[in-house]
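Data first, discussion second: the structure below is written as structure tokens.
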Amino acid sequence: MAEANDKSNGFVVETEDLWRVYKVGPREVPALRGVSMAIDAGLFVAVKGRSGSGKTTLLNCIGGLDRPTSGVVRVFGRDLSGLNDEQLTRWRREQVGFVFQTFGLLPTLSAYENVELMLRIAGARRDERRERTMHCLGLVGLAQWANHRPYALSGGQQQRVAIARALANNPRLILADEPTGELDSTTARDILSLFRTIVNEQHVSFLMVSHDPLVDGYVDGILYLKDGQIGEAG
Ligand code: ADP
Ligand code: MG
229 MAEANDKSNG
239 FVVETEDLWR
249 VYKVGPREVP
259 ALRGVSMAID
269 AGLFVAVKGR
279 SGSGKTTLLN
289 CIGGLDRPTS
299 GVVRVFGRDL
309 SGLNDEQLTR
319 WRREQVGFVF
329 QTFGLLPTLS
339 AYENVELMLR
349 IAGARRDERR
359 ERTMHCLGLV
369 GLAQWANHRP
379 YALSGGQQQR
389 VAIARALANN
399 PRLILADEPT
409 GELDSTTARD
419 ILSLFRTIVN
429 EQHVSFLMVS
439 HDPLVDGYVD
449 GILYLKDGQI
459 GEAG
């Protein structure tokens, strides 16, 4: 599916003059106003900024959950505007793992089943599913908890299941939206240090949006978003 206009420039994620304008009735809300940024492979990078600064919108455009109004998003050198909706969905499943603030686990499924579901959707064989699911639960330290449902797990454990799920399809990029937002500071540190380990050991790049001051000590770099534009700290 290579496109003539695809080029990676060595970056995992690259945006050029990205705009996302929401239409709210007759009003236009510009959530992103010309964001240009680039992230090198193998790094753990945070996008910080106040509530409403456009962080979630940016992450959704990079992860193919939303389409920008104008500008370019390139991930692993691929211009996402060149993919139709079906191609974008497949691309997202194969290439990107997502972690959300509220974990997003299915409550009737065990930890194991939540992770395995991703592999079912991807069409993995049964033995492969079992092996990969247990491997990913092991990576997040939850192999012993495989048969527990989300309600029987702490918030930190639920987020670990969500991280295992994000890793299931062996994505090259993981995107996390306020992953520590629902966690106390001790648990938040545990999760951030797990992210750090995953980036160091699993050959993935990791982009996290957050306004948690704790993240500074764990990441390789920080981008600041203010009113939909990349700006300076503070
Ligand atoms: P953050 O994640 O930094 O809190 P968001 O990307 O969620 O910021 O929002 C950026 C701006 O866009 C805010 O002004 C918000 O109200 C607006 N916004 C976000 N999503 C929508 C939407 N679906 N419809 C209309 N406006 C939206
Ligand atoms: Mg947000």
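Quick note: to get our numbering, add 228 to the position in the sequence shown (first position is 1). Glycine residues also receive a C-beta, built at the ideal position from the N, C-alpha and C atoms.
Item: Whether Leu260 touches Asp405 by CB criterion (9 Å); Value: no
Item: Status (buried if at least 16 other CB within 10 Å, exposed otherwise) for Tyr250; Value: exposed
Item: Supposed contact pair Arg321 and Ile349 - C-beta distance, whole angstroms, cut 8 Å; Value: 7 Å
Item: DSSP state of Gly366 mapped onto helix, strand, coil; Value: helix
Item: Inside the stretch 291-346 only - alpha helix (DSSP H) runs reaching at least 4 residues; Value: 313-323
Item: Cβ pair Thr414, Gln387 closer than 9 Å; Value: no
Item: Helix, strand or coil at Gly277 [DSSP, three-state]; Value: coil
Item: Local Cβ density within 10 Å of Thr408, reported as buried at 16 or more and exposed below that; Value: buried
Item: Backbone CA spacing between Glu244 and Cys289 [nearest angstrom]; Value: 12 Å
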